[in-house]
Amino acid sequence: DVAVTGVQTCALPIYPIQYGKNFYRGALKITLNQDGLLMTNIIPIEEYLFGMIAGEMSPQWNLEALKAQVVAARTYAMYMVNHPRHPLYDLEKGTADQVYPGAGSESEQIRTAVETTRGQFITKNQKPIKTYYHSRCGGSTEPAHQVWNKTEKNSPTSVPCPYCQKFPYTWKTKVKISNLISLLKLPVEKRETFKIALLNRTSTGRVKELSIETDASKHLINSESLRHLLGYAQVKSTRFEVNVDDDEVSFEGVGSGHGVGMCQWGAQFLAKRSE
Numbered sequence: 123d124v125a126v127t128g129v130q131t132c133a134l135p136i137y138p139i140q141y142g143k144n145f146y147r148g149a150l151k152i153t154l155n156q157d158g159l160l161m162t163n164i165i166p167i168e169e170y171l172f173g174m175i176a177g178e179m180s181p182q183w184n185l186e187a188l189k190a191q192v193v194a195a196r197t198y199a200m201y202m203v204n205h206p207r208h209p210l211y212d213l214e215k216g217t218a219d220q221v222y223p224g225a226g227s228e229s230e231q232i233r234t235a236v237e238t239t240r241g242q243f244i245t246k247n248q249k250p251i252k253t254y255y256h257s258r259c260g261g262s263t264e265p266a267h268q269v270w271n272k273t274e275k276n277s278p279t280s281v282p283c284p285y286c287q288k289f290p291y292t293w294k295t296k297v298k299i300s301n302l303i304s305l306l307k308l309p310v311e312k313r314e315t316f317k318i319a320l321l322n323r324t325s326t327g328r329v330k331e332l333s334i335e336t337d338a339s340k341h342l343i344n345s346e347s348l349r350h351l352l353g354y355a356q357v358k359s360t361r362f363e364v365n366v367d368d369d370e371v372s373f374e375g376v377g378s379g380h381g382v383g384m385c386q387w388g389a390q391f392l393a394k395r396s397e
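So the sequence shown is numbered by my numbering: it starts at 123 and just counts up by one.
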């Protein structure tokens, strides 16, 4: 079986095509490469948005929140057209870029949000910027360069979020020490020693880097890399504390997502407040 792994934007007629259980507008292109078959959905940006928005925000949310999501998603897609992820496609259909379920997730509310913002996108020096968004910021958003690297110039400041300050989203997860050591590929002798420490934080309280030490080695890892390694559904944000209890590491934190750009729950709160 193959799946749609990429999206290439262009101007084509729009007729939904069924592949497996999913429907896609535009065209499906199959390419044979060294890894097997690569399926690419070739589709105009606006029709891509029809099927993509529900992958990132509930279609039942306030129209103004959906419009903000559309503008952010459109801008991101336009940026990726100019900075394609792969020679055969512009964006991936998963969390590496934007979650794209296809035409089967379209709704009248989403189509309205797309049509009423058609042509609207965010620019800097007359070029689309790399826009970011996330689920819940935990109280305030995070500058992009604090999360990834100093070359990230968009989202330069932290913005307080009235929704997340009033309704903080808390989470807790546990990871076996043996699993963590295995995922990090750390050398272990007797494993009599295991220490994990938070080395520094950003101005909003997010962890930047951790130190993980066994009897045989010491390993430094940034918090976003750790989230990727353990799973974003496990470690939901980088605003967390850690505790070691017997054979487990406990992560307890606030917020969901990387914290950069638009807080989606904050946008929904502001949209409802303006009704």
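Ideal Cβ positions, reconstructed from N, Cα and C, are used throughout, including at glycine.
Check	Outcome
First through last residue of the beta strand (DSSP E) which encompasses K330	V329 to T336
Secondary structure of Y354, DSSP reduced to three states	coil
Collapsed DSSP secondary structure at E214 in the structure displayed	strand
Supposed contact pair S262 and T326 - C-beta distance, whole angstroms, cut 8 Å	5 Å
Test: K252 CB closer than 8 Å to a CB of chain C	Going by chain labels, chain C is absent from the structure shown, which holds only one protein chain.
Nearest neighbour of N271, chosen from V192, V382 and R395 [CA to CA]	V382
For R196, the first and last residue of its enclosing alpha helix (DSSP H)	L185 to N204
Proximity of I175 and I232 at Cβ, strictly below 8 Å	yes
Under 8 Å between C-beta atoms of R258 and S378	yes
Chain-order list of residues whose beta-carbon lies under 7 Å from that of G319 (same chain, five-residue window excluded)	In the sequence as displayed, the identity of residue 319 is Ala instead of Gly. Answer for A319: L332 and S333, listed in chain order.
Local conformation of H380 per DSSP, three classes	coil
Length at least 3, wholly inside the stretch 213-297: the beta strand (DSSP E) runs in chain order	none
Buried or exposed by the 16-neighbour rule on C-beta atoms within 10 Å, applied to S345	buried
Nearest-angstrom Cα separation, counted from A187 out to T234	12 Å
Same chain only: Cβ atoms within 6 Å of T360, ignoring 5 sequence neighbours per side	R328, V329 and S345
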